[in-house]
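Number of protein chains: 2
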Amino acid sequence: MNKKIKGFFLLLTVAYSVSGAQTLTSPNGNLSMNFSLQAGGTPTYSLTYKGKTVINPSKLGLELLTEGAKRTFDDFSPEGNVPGDKGKKNSLFDGFEVLDTATASFDETWQPVWGETKDIRNHYNELAVTLKQSATDRRMMIRFRLFDDGLGFRYEFPQQKNLIYMVVKEEHTQFAMTGDHTAYWLPGDYDTQEYDYTTSRLSEIRGLMPQAITPNSSQTPFSPTGVQTALMLKTGDGLYINLHEAALINYSCMHLNLDDRNFVFESFLTPGANGTKGHLQTPCQSPWRTVIVSDDAREILASNITLNLNEPCKIEDTSWIKPVKYVGVWWEMITGAKDWAYTTGLPSVQLGVTDYTQVKPSGRHGATTAHVKEYIDFAALHGFDAVLVEGWNIGWEDWFGNSKENVFDFVTPYPDFDLKEIKRYAASKGIKMVMHHETSSSVRNYERRLDTAYRFMKDNGYDAVKSGYVGDIIPRGEHHYSQWMNNHYLYAIEKAAGYQIMVNAHEAVRPTGICRTYPNLIGNESARGTEYQAFGGSKPNHATLLPFTRLIGGPMDYTPGIFEMDIEKINPGNTSHVNTTLANQLALYVTLYSPLQMAADLPENYNRFPDAFQFIKDVAIDWDESKYLEAEPGKYITVARKAKGSPAWFVGNVCGEEGFTSKIALDFLEPGKKYVATIYSDAPDAHYKTNPQAYAIRQMNVTAKSKLTLKSAPGGGYAISIVPKQ
Amino acid sequence: MNKKIKGFFLLLTVAYSVSGAQTLTSPNGNLSMNFSLQAGGTPTYSLTYKGKTVINPSKLGLELLTEGAKRTFDDFSPEGNVPGDKGKKNSLFDGFEVLDTATASFDETWQPVWGETKDIRNHYNELAVTLKQSATDRRMMIRFRLFDDGLGFRYEFPQQKNLIYMVVKEEHTQFAMTGDHTAYWLPGDYDTQEYDYTTSRLSEIRGLMPQAITPNSSQTPFSPTGVQTALMLKTGDGLYINLHEAALINYSCMHLNLDDRNFVFESFLTPGANGTKGHLQTPCQSPWRTVIVSDDAREILASNITLNLNEPCKIEDTSWIKPVKYVGVWWEMITGAKDWAYTTGLPSVQLGVTDYTQVKPSGRHGATTAHVKEYIDFAALHGFDAVLVEGWNIGWEDWFGNSKENVFDFVTPYPDFDLKEIKRYAASKGIKMVMHHETSSSVRNYERRLDTAYRFMKDNGYDAVKSGYVGDIIPRGEHHYSQWMNNHYLYAIEKAAGYQIMVNAHEAVRPTGICRTYPNLIGNESARGTEYQAFGGSKPNHATLLPFTRLIGGPMDYTPGIFEMDIEKINPGNTSHVNTTLANQLALYVTLYSPLQMAADLPENYNRFPDAFQFIKDVAIDWDESKYLEAEPGKYITVARKAKGSPAWFVGNVCGEEGFTSKIALDFLEPGKKYVATIYSDAPDAHYKTNPQAYAIRQMNVTAKSKLTLKSAPGGGYAISIVPKQ
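Written out as structure tokens, the structure is:
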């Protein structure tokens, strides 16, 4: 080899390290991604699925507010606490060259503590690109994991002398779409996801945004084209794309801001009270950014990418973590028939000052001893695990909207709630009580009292807590989805694990699969739940979208099971209507996977429809297998699940405004085995608005060879229980 | 009486209730104040002393951001979390009429747990004016207490339906001066008081402000004429005026902003992270605003107004609260001779990750077991109560300036600090250990760990803690002096009381007499302490100003007793000079009252001057009586104090740049009794800069009839111990 040729090879190598182009393929070859450096040393990636472009070349990187230099005791800065922009050091988005690339493959099957399936396969090919920014002598790694059903990638920041502490101004991760796709979106917001979904083209988001932003107790929209993740998309040529994040830990929640001229989404992080978007110390990493993609919508629902990108379980003994089916003193307050508060007429109350034994009870208080006992009796009679009671503790008279810090103490019951007697009574009936910790978003107050509150729970026989974060966050200026708050939610979960307490956090940041690592996080709200059916109603197709969006990150305590759709019948002052049929409500126990399921309606409403209620009593809440049979976002979802450790199967279908004719094969059943199916379906004249309680129940013999055609009404659905024939 | 005259009387009554003029006189008649409503219904007050005007008519009131209306669950507001200005409802400064006035007198003598005097008389006449704002149907009370040595007043907000929750935009309390007085001022700042005092006319503040703002680890000045309280003033006709506040609880710290055309100070509260200046719930009240006034500067120093305006002690059993004289592993780190940190060279450290047993010690770590034992030996040999050790716990390698939240755990010692052995050794020598909790201003982290940290203290024999708040506050955007942080400091004090722990908080908000209510708050820094003598030096008259300013609110852990003024001799790399004489350092134990006194220099420096050190060993730290003999702010202070439960007296004098010839009569001694006085004075050629260690010690017999003339050098002073002749 002569010198000239040697030089040529060398040049190739240099060219290679400047553009750094790398291709990674998924195990089955369907997905392919490319990484390269654009001119100027900007990292970019693109993604294809079966040869179709999913993500056009998209930029990657972060922008910083400080350069990560260390201030010492001898370096008193008169600049105070405003971190300044310092030239090139703020860029972690250009000036890079590729220092190293490494590939790997991974294939493992693991067992969740609870879940949609007994086994979860974690199978991907990995590309880790180490980048060097010569001008600053800094390194950053981007790690890509390509699964058969999607892509995950994150930024990793090794410990290094020129990158120690980082203040994030913004993350500039792009997701460049190939066209004006259909999106199923929620307004981007720092404080709430409790919106109805809007279905529109990307180009229509800006125009539809004002009407999409409906009022909430705490809300901070940030952009006319800002949307939340998990974001579901559908392309003109039939690809389904889901954008979300996994393992959101010690980082701020990612929203997406759309450049609606070029259809490019870019990450938009939630700021803290001082406007910064993240404070990091190396070594550290971002959450995973995920792109789930398929030409079959059912595969989006079946994807386990989000769980797989989280760390394995950190709780050693998980024997105390158990799925929970429960009822509770709740819907009557949500509908306005009863109150959380004990009294009315006081201008305000103060912990330790207001003497509740001296005030006049309003007579509208829900959480009375006698009433709770009725729920315990009902739960015991029908085989539920537990009873939730909201409004049991003092402080509800002025609990939110006032930026009141010292709002709840989490340990003092109202005078008409006999904690000890309820403990005794529930235990005598074999019923667990679910604690309720509404924090009113007063987070310092909650943290100060958290140990006492958790100990109080254990002392009184409570193993699970529903926590709530209604209203604006205190510390004032913080947001529900900022790094500060995300850190708090995890603190509450980790501390609860120490007490062997399960957590179901409402209004917290939407989940990102961390229940794999902390399976005591058995539920979250973090979306528009059933309560909105009593606040004016949700769109009939709402439940056909939640599994494509909110549930991508983890289970939701949606609180289904409403049998009385005219709220007026519960509270004459409330004309809200529940925009589903009764059969649809039954189906939700199957279509909305959760290890925590409530039967949310009043006992008297269940007593009116005991045959339909039987499904709620029978349905499992933990599963060996799940089969997504039919799915189209906004239109319909049909899923079959096999109960954990049991031969019984349950099938659920929900649909939207147009109704749906479902055609399913029961080929998931054990071949040759005979089963009895009980089918709870909409009656022919059922309709979510005009005739929601019209349902039909029939039984039939089925086998693995059976095929069923079932018609679901507008806003309707069906539920089936399938048990081996005796 | 005819109808016409009746109408006239009626008019008079209305006129009275509109202007509402009221006069209040102090018990001895020296002070007189007037309250009235200005046109437009603005409350105003004025104050005279012996017929001289102290405060010209000055406005009173607050401005709100919300109207205090309650938001309910049914009233979801789309406005989000930005409270808006809502017309007249924002005013609590005009539109008032007088609804009621009430006067009262009070005279009580109480005994502090520790203090400058055994008994404190609380004697005042009170005027409480209840104001009604008809346009909003709201009420506010202003309560004035007029003592013989000054005025205190505060706003009180009764519980009422139209004023429930308040967001304070600003408090508009004025202090209208009568002329271009001399002020002894610090730059107003939301985060630090660690500045040198500037002495100037009011009209000169604006021009001198830039040079007055010297660098600090966290600082936020807010106005070119903003100054801190306690603010000391002197008028052209010889009046001494001190403006401060008392009982700063659940409210933000008050600064003063000067209108330097009219010489009117107005309150300027410290904002929180979201820019608001206070969140209040009625019933509640502001702290007291205080005006101490006299034509004799000594009476300013002797005033107990600040303590008297605080609530009585809330701690039932105070037997565990004891004054403490201590030494500590500290000055060698402050001077830079040793380090708090165990190692150097790591880019950063992480709790629970960094394995200190595997890192290379720098060899500069101060808090080693062997070195601490030397301090324990020294303390035991010389009769000290306790030893403070800073830098004993992991985390100091990158402790501040990085907005690092998870910085200290308060329970894990460095590998070279044998906690158990030190506990054993100290106990065997009868020495208490003082714990150190530097928080790095990471307040959530501290609160999360506070119970564990306090329990750890008790388990290991620590009864007192020095806490520190260096650097910018986390939650980010909050300030050291905001309501949020003031709430935290009190939380830490109250929780400590539950563990029978005494607190000495550094960098916390300057005290306002709350040590009366919580006497376990035995010290604060909250001003420029001795450490600045190693950071370039303080002005020679600094200690002649602290008692007129910082100490008005409570004792300071000033850490006096420096014998070696050339810091180079401790650390060759540090050329700072301590700008006092050695005799001045001795005097500080008497002139700067504190129940917590450190002998801050290194044992080897005390060993070089054992005769002078004897005074530090002898001097008391708790007192039956205190007599201010001579005083002029910035020039000199001479005080005599009788040791608690002992016939011994101690006298101290400090002076400024010009030196001072002190002439005192010992008429405070018991008549007819013979005493021996040991006088530690500057040598004739002493000078703080050129000859600071030149002192002379002599003994003489004295009685109550003795008179002494003593010359203090520039930056000098003297100390005398007087004990009964055997």
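Read top to bottom, the protein sequences are chains A and B.
According to our numbering, the first sequence is numbered sequentially starting from 1.
According to our numbering, the second sequence is numbered sequentially starting from 727.
Idealized CB from N, CA, C, for every residue including glycine.
| Check | Outcome |
| --- | --- |
| Among Thr1256(B), Ala1260(B) and Gly1263(B), the one whose alpha carbon lies nearest that of tyrosine 1284(B) | Thr1256(B) |
| Contact list for the region 1110-1131 of chain B against chain A, Cβ threshold 8 angstroms | Asp1124, Phe1126, Gly1127, Asn1128, Ser1129, Lys1130 and Glu1131 |
| Beta-carbon contacts of alanine 337(A) that lie in its chain and below 6 angstroms, excluding the five residues immediately before and after | Ile570 and Asn571 |
| Phenylalanine 1126(B) - DSSP class collapsed to helix/strand/coil | coil |
| Simplified DSSP state of phenylalanine 609(A), which is helix, strand or coil | coil |
| Pick from Thr512(A), Gly179(A), Leu301(A) and Gly272(A) that is closest to alanine 220(A), judged by C-alpha positions | With the sequence shown as reference, residue 220(A) is identified as threonine, and alanine is not the correct amino acid for it. For the residues Thr512(A), Gly179(A), Leu301(A) and Gly272(A), the minimum Cα distance to threonine 220(A) belongs to Gly272(A). |
| Selection from His1091(B), Pro1139(B), Pro1141(B) and Lys1155(B) that minimises the alpha carbon distance to phenylalanine 1455(B) | Outside the displayed span of chain B (727 to 1452) sits residue 1455(B), for which this structure offers no information. |
| Within-8 angstroms CB hit, serine 58(A) to chain B | no |
| Assigned secondary structure, leucine 256(A) (DSSP; H/G/I helix, E/B strand, else coil) | strand |
| Within chain B, partners of arginine 455(A) - CB distance below 8 angstroms | None at all; the shortest Cβ gap to chain B is about 12 angstroms. |
| Residues bridged to isoleucine 846(B) (per DSSP) | Trp836(B) |
| Alpha-carbon to alpha-carbon, asparagine 1186(B) and tryptophan 330(A) | 48 angstroms |
| Cα-Cα separation, proline 913(B) to tyrosine 921(B) | 7 angstroms |
| Per-residue burial, tryptophan 320(A) [other beta carbons within 10 Å of its own, 16 or more giving buried] | exposed |
| Between the CA atoms of aspartate 149(A) and leucine 545(A) - distance to the nearest angstrom | 19 angstroms |
| Residues bridged to lysine 1149(B) [DSSP beta-bridge criterion] | Lysine 1149(B) is not bridged to any residue. |
| Endpoints, beta strand (DSSP E) assigned at tyrosine 1244(B) | Premise fails: tyrosine 1244(B) is in no beta strand (DSSP E) and is neither H nor E. |
| Residue interval of the beta strand (DSSP E) (run including tryptophan 649(A)) | 649-655 |
| Lysine 1130(B) beta carbon near the ligand COA (any heavy atom closer than 7 angstroms) | Looking for the ligand COA in the displayed structure turns up nothing, as the structure carries no ligands at all. |
| Continuous beta strand (DSSP E) assignments of at least 3 residues falling wholly in the region 683-708 of chain A | 695-702 |
| Residues of the region 181-212 of chain A with Cβ closer than 7 angstroms to any Cβ of chain B, in chain order | none |
| 8 angstroms contact criterion, which isoleucine 1288(B) and glutamine 1323(B) should meet: CB distance rounded | The pair is not a contact, with the Cβ atoms about 13 angstroms apart (cut-off 8 angstroms). |
| Amino acids of chain A, ordered along the chain, whose beta-carbon sits closer than 8 angstroms to that of threonine 1002(B) | Arg476 |
| Min CB distance valine 509(A) to chain B below 8 angstroms | no |
| Residues within the region 347-366 of chain A neighbouring chain B, beta-carbon criterion of under 8 angstroms | Pro347, Ser348 and Gln350 |
| Chain-ordered neighbours of isoleucine 890(B) on chain A, where CB pairs are closer than 9 angstroms | Pro347, Ser348, Asp398 and Asn402 |
| Against chain B: residues of the region 441-454 of chain A by CB proximity under 8 angstroms | Arg444, Glu447, Arg448 and Asp451 |
| First through last residue of the alpha helix (DSSP H) which encompasses alanine 999(B) | No alpha helix (DSSP H) holds alanine 999(B); DSSP gives it neither H nor E. |
| Beta-carbon spacing of alanine 612(A), leucine 586(A) below 8 angstroms | yes |
| Contact set for asparagine 1379(B): own chain, Cβ-Cβ below 6 angstroms, skip 5 residues either direction | Ala1313, Thr1364, Ser1388, Ser1438, Gly1443 and Tyr1444 |
| Euclidean distance between Cα positions of threonine 774(B) and glutamine 483(A) | 54 angstroms |
| Threonine 1008(B) - DSSP class collapsed to helix/strand/coil | coil |
| For proline 43(A) and glutamine 133(A), the rounded distance between their alpha carbons | 11 angstroms |
| Beta-carbon gap between lysine 1192(B) and histidine 1214(B) smaller than 8 angstroms | no |
| Any C-beta of chain B under 8 angstroms from that of valine 738(A) | Given a span of 1 to 726 for chain A in the structure shown, any question on residue 738(A) remains unanswerable. |
| Contact the region 1226-1244 of chain B vs the region 1341-1358 of chain B: 3+ CB pairs below 8 angstroms | no |
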